[in-house]
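Below is one structure; the comments refer to it alone.
Residue numbers (the UniProt record's numbering), protein chains in the order written: chain A, 1 to 278; chain B, 1 to 278.
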């Protein structure tokens with residue numbers, strides 16, 4: 001258990017999202033995956049076989065996307081790498097986004113940690129400006145439990161859902177993220193903390209903690225674009241109130257894309273010139 | 001078990017290859033993954049954790065690449081889809097390439113078929129011109145068994161390794177592939193056959209079987225380029241000697257790419273402009 005010199009805060013991004021993978025300018029993935037009888041029918045093997053039940057029905061996944069199958073594997077690979085390197089997170093906090101909850105579960109599965117539970121922390125949600133004026137809507141704790149997700153029922157968040165501000169500035173977002181890191185590190189004074197959240201979180205939850213100022217908009221967007229799925233960063237405690245970024249605690253995870261196969265290529269002469277394959 | 005009207009030949013491509021994913025114009029993945037002491041040290045979480053032992057040592061993987069972790073998952077997803085659709089291959093034949101053997105194992109794992117064994121068929125190897133004058137070198141049956149791969153020891157191949165011709169023309173390749181399909185369908189007169197081989201195999205093992213002529217070079221390359229990992233095609237028997245292509249037996253599998261994360265983006269000002277991330 002974390003003495004001062006070994007105490008770590010590890011922050012991870014979630015895995016591959018269904019919407020980014022399957023929605024195009026022509027259609028939203030859900031519109032293609034729900035049949036006329038209102039049943040979910042995955043049209044691609046990388047879509048989840050089943051979706052958790054939630055009060056808003058399937059339509060709620062439109063603004064709270066699940067992971068793809070690959071996304072879940074990405075999470076398990078990172079978890080296995082933590083385990084290989086004997087990195088044990090004692091307290092796990094997740095953004096309430098479904099993709100983050102599912103990623104955290106994949107990480108724990110990869111670590112073979114069957115008894116660790118998740119603290120759902122709305123303060124770890126992404127920059128509110130990324131919501132594009134649609135208020136977030138997440139699974140309730142009861143819905144998580146019904147889906148078999150191991151979440152704490154009595155956790156008191158640092159930032160409540162109702163305290164999130166749709167017009168949050170970038171500085172506000174850095175300050176909110178820093179408040180979460182600082183408060184949780186003080187509430188849980190021993191052991192390693194793992195945050196599973198969004199691309200920007202790697203920076204926003206560690207930046208001020210390590211004594212730096214929030215970034216400019218330009219730098220921020222640059223950083224977010226350079227943060228692939230399951231990126232992770234480790235900040236280590238070097239003094240009573242001092243933290244330092246050590247780097248990524250595990251090797252990176254890179255893989256190539258795979259297009260959808262269309263068997264008409266084999267049977268229709270000239271068909272192979274068609275290029276729209278995903 | 002296959003009566004005439006339900007008998008199927010299913011042909012699949014292997015999954016994501018380590019070399020295509022990790023070798024660049026600057027280095028071969030193996031050169032980066034073998035340390036000075038000659039030990040294998042995966043530098044990315046998508047590389048296999050361990051490699052099977054083989055007589056030529058690690059260097060043999062240079063021309064006989066293993067699957068990536070994602071490649072193995074792709075295979076399991078296809079196997080699960082076969083199982084969901086109650087597609088049962090009674091006889092499984094694989095190209096001797098390691099990536100094909102590992103893919104077949106992933107498919108069987110996804111199907112929950114723990115007792116099915118693989119027939120290693122050199123006649124299913126890819127077009128010899130793709131070897132670029134390097135003679136193929138595969139795991140021996142004993143090496144497969146030592147690695148825990150469930151292969152038949154006494155299978156007599158349709159085409160022996162020594163019968164493969166380094167200067168094979170495209171027509172020769174179509175004829176070899178057709179010979180394999182025809183011979184195996186006649187040797188195994190009942191049940192479904194599954195071939196796990198290469199991109200071109202989907203066409204070359206079914207084309208003449210379904211009464212079509214081999215393709216031109218131009219059409220061939222177009223088709224190969226349009227055959228992603230784990231593409232699969234089903235030909236169904238419609239008469240004593242007649243087969244017809246039905247299409248792909250399962251939904252397609254599409255996913256996006258993921259770049260390697262470089263944590264220096266967070267700590268080095270201006271570093272994010274560097275673009276070489278895989």
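Here a beta-carbon is modelled for each residue, glycine too, at the ideal position from N, C-alpha and C.
Listed by chain order, chain A residues near residue i by CB distance under 8 Å
| i | result |
| --- | --- |
| residue 251 of chain B | 42, 43, 44, 45 |
| residue 77 of chain B | 45, 46, 69 |
Under the three-state DSSP convention, the category residue i falls into
| i | result |
| --- | --- |
| residue 43 of chain A | coil |
| residue 90 of chain A | coil |
| residue 9 of chain A | strand |
| residue 51 of chain A | coil |
| residue 139 of chain B | coil |
| residue 26 of chain B | coil |
| residue 129 of chain B | helix |
| residue 275 of chain B | With a pLDDT of only 48 at residue 275 of chain B, under the threshold of 50, the placement of this residue in the model should not be trusted; the figure read from the coordinates follows. In the structure shown, residue 275 of chain B sits in coil (DSSP, three-state: anything other than H, G, I, E or B). |
For residue j and residue i, the rounded distance between their alpha carbons
| i | j | result |
| --- | --- | --- |
| residue 47 of chain A | residue 182 of chain B | 36 Å |
| residue 179 of chain A | residue 227 of chain B | 50 Å |
| residue 250 of chain A | residue 71 of chain B | 21 Å |
| residue 262 of chain B | residue 176 of chain B | 47 Å |
| residue 161 of chain A | residue 96 of chain A | 9 Å |
| residue 100 of chain A | residue 153 of chain B | 47 Å |
| residue 55 of chain A | residue 243 of chain A | 41 Å |
| residue 172 of chain A | residue 258 of chain B | 30 Å |
| residue 84 of chain A | residue 232 of chain A | 15 Å |
| residue 21 of chain A | residue 199 of chain A | 16 Å |
| residue 89 of chain A | residue 53 of chain B | 35 Å |
| residue 32 of chain B | residue 268 of chain A | 43 Å |
| residue 74 of chain B | residue 17 of chain B | 11 Å |
| residue 185 of chain B | residue 29 of chain B | 39 Å |
| residue 163 of chain B | residue 230 of chain A | 47 Å |
| residue 43 of chain A | residue 66 of chain A | 15 Å |
| residue 57 of chain B | residue 149 of chain A | 44 Å |
| residue 60 of chain A | residue 219 of chain B | 45 Å |
Cβ neighbour criterion (16 or more within 10 Å) applied to residue i
| i | result |
| --- | --- |
| residue 132 of chain B | exposed |
| residue 119 of chain B | buried |
| residue 25 of chain B | exposed |
| residue 240 of chain A | exposed |
| residue 195 of chain B | buried |
| residue 38 of chain A | exposed |
| residue 4 of chain B | Low confidence applies here, because residue 4 of chain B scores a pLDDT of 48, under 50, leaving its location unreliable; read the following figure in that light. Exposed, because fewer than 16 other Cβ atoms sit within 10 Å of the Cβ of residue 4 of chain B. |
| residue 78 of chain B | buried |
| residue 237 of chain B | buried |
| residue 216 of chain B | exposed |
| residue 140 of chain B | exposed |
| residue 166 of chain B | exposed |
| residue 255 of chain B | buried |
| residue 145 of chain B | exposed |
| residue 76 of chain A | buried |
| residue 14 of chain B | buried |
| residue 192 of chain B | buried |
| residue 156 of chain A | exposed |
| residue 270 of chain A | exposed |
| residue 208 of chain B | buried |
Interface partners of residue i on chain B, CB under 8 Å
| i | result |
| --- | --- |
| residue 74 of chain A | 258 |
| residue 81 of chain A | 45 |
| residue 68 of chain A | 255 |
| residue 16 of chain A | 255, 256, 258 |
| residue 190 of chain A | Under the 8 Å cutoff, chain B gives no residues; its nearest Cβ is about 25 Å from residue 190 of chain A. |
Partner residues on chain A for residue i, Cβ-Cβ distance less than 7 Å
| i | result |
| --- | --- |
| residue 100 of chain B | Result: empty, since nearest Cβ-Cβ is about 17 Å, beyond 7 Å. |
Chain B residues whose Cβ lies nearer than 7 Å to that of residue i
| i | result |
| --- | --- |
| residue 267 of chain A | 245 |
| residue 204 of chain A | The premise fails here: residue 204 of chain A is roughly 11 Å from chain B at the closest Cβ pair, so nothing lies under 7 Å. |
| residue 231 of chain A | 261 |
Contact set between residue i and chain B, taken where Cβ atoms lie within less than 9 Å
| i | result |
| --- | --- |
| residue 19 of chain A | Correct list: empty, because the minimum Cβ distance to chain B is about 11 Å. |
is_contact[residue i, chain E] using C-beta, thresh 7 Å
| i | result |
| --- | --- |
| residue 142 of chain B | Protein chains A and B are contained in the structure displayed, whereas chain E is not. |
Within chain A, the residues that residue i reaches when beta carbons sit closer than 9 Å
| i | result |
| --- | --- |
| residue 248 of chain B | 261, 262, 263 |
Where are the alpha helix (DSSP H) runs, 4 residues long or more, that stay fully inside the segment 213–261 of chain B, in chain order? 217–225
query: In the segment 150–211 of chain B, which residue ranges form an unbroken beta strand (DSSP E) of at least 3 residues, counting only runs that do not cross its ends?
result: 193–197
So within the segment 54–114 of chain A, which uninterrupted beta strand (DSSP E) runs reach at least 3 residues, ignoring any that extend past its ends?
91–94
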